[in-house]
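In this text, residue positions in the sequence shown follow my numbering: the first is 1286, and each later residue adds one. Cβ atoms here follow ideal geometry from the backbone N, Cα and C, with glycine treated the same way. As C-alpha cells, the structure follows; a few thoughts come after it.
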Amino acid sequence: MFVLAIYFVINFGYSFGLKNIPILDIILLAAGFVLRVKAGSVIAYIPLSEWIIIMVFLLALFMAIGKRRDDVILKINSGVDMRKSIKGYNLELLNTLLALICAVIIVSYFMYTMSEETMTKMGTHRLYYTCLFVMAGIMRYLQIIFVVADSGSPTKILYKDRFIQIVLLLWIASYIAIIYVKDVKLFE
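As C-alpha cells, then:
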C-alpha cells in the first residue's frame, strides 16, 4: 500500500507542476516505472532483486532522455515546444546524458550478470556472454541517433530498426539458452 501511495503522490506532483522542472521531470518518470514494477511484485508476491529495480530505473531514464531529445529536435526544426521543461534542455546536454546513461546501463548489466546473487539464482556464471547483445543494441541506437540522425525515441527505433530487433531476439535466446541448456559445451 505504501508503494501505491508514493506512486500517487509522485503522479499528482508530476501532473500539477513537477513535470515542468527539467531533470526532475525525467527522474520522476523513471521513478514511476520503478514503483509500478514494485507494486506489481507486491501484488503478485514476487520478490524483486535490487538489480531489477536498478535496471528498470536506468532503462526508463534512458527512454525519457531519448524522448526529451526528440522534443528538443522538434523545437529546433519547427519551433514547437512540446512541454515547458524543454526550455531547460538542449541537444548537447541530452546527448551527454544519453552517452552517460548508456555507459551506466552497460556497466550495470555487466555487474548484474557477474553478481553472486544472479549466478546463484540463475544457476550459471555464463550470463556475461549476453553482454555482447546489450552493447550491440546500445551502440546501434547511438549510431541511429548520431549518424543516421533519426528519431531519438527508443520505442520508435525498436519498432522500426531490424538490427535492434534481431539483437533483442538474440539476447533473449542466448539468455534462455544459457540458463536452461546446461549441457551445451558452447558456453564452457
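Do the region 1312-1330 and the region 1340-1351 meet, that is, are 3 or more Cβ pairs less than 8 Å apart? Yes, the region 1312-1330 touches the region 1340-1351.
When DSSP labels each residue in this structure, what does F1301 get in the three-state scheme? Mapped onto the sequence shown, residue 1301 falls at position 16. F1301 falls in the coil class under three-state DSSP.
Applying the criterion that 16 or more other CB atoms from any shown protein chain within 10 Å of the CB defines a buried residue, is T1415 buried or exposed? Taking the sequence shown and counting its residues from 1, one reaches residue 1415 at position 130. When all chains shown are included, T1415 counts as buried.
Inspect the CB distances between the region 1350-1368 and the region 1406-1425 and report whether three or more fall short of 8 Å. With the cut-off at 8 Å, the region 1350-1368 and the region 1406-1425 do not touch.
Reducing DSSP to helix, strand and coil, say where S1375 ends up. Locating residue 1375 in the sequence shown gives position 90, where the first residue counts as 1. One point to set straight first is that residue 1375 is Asn, not Ser, in the sequence displayed. The three-state secondary structure of N1375, taken from DSSP, is coil.
Does the Cβ of P1332 have 16 or more other Cβ atoms within 10 Å, making it buried, or fewer, making it exposed? Counting from 1 along the sequence shown, the entry for residue 1332 is found at position 47. Sixteen is the threshold: since fewer than 16 other Cβ atoms of the shown chains lie within 10 Å of the Cβ of P1332, the residue is exposed.
Assuming F1395 and Y1413 are in contact, meaning their beta carbons sit under 8 Å apart, how far apart are those beta carbons, in whole angstroms? Position 110 of the sequence shown, counted from the first residue, corresponds to residue 1395. Position 128 of the sequence shown, counted from the first residue, corresponds to residue 1413. A Cβ-Cβ separation of about 7 Å places F1395 in contact with Y1413 under the 8 Å criterion.
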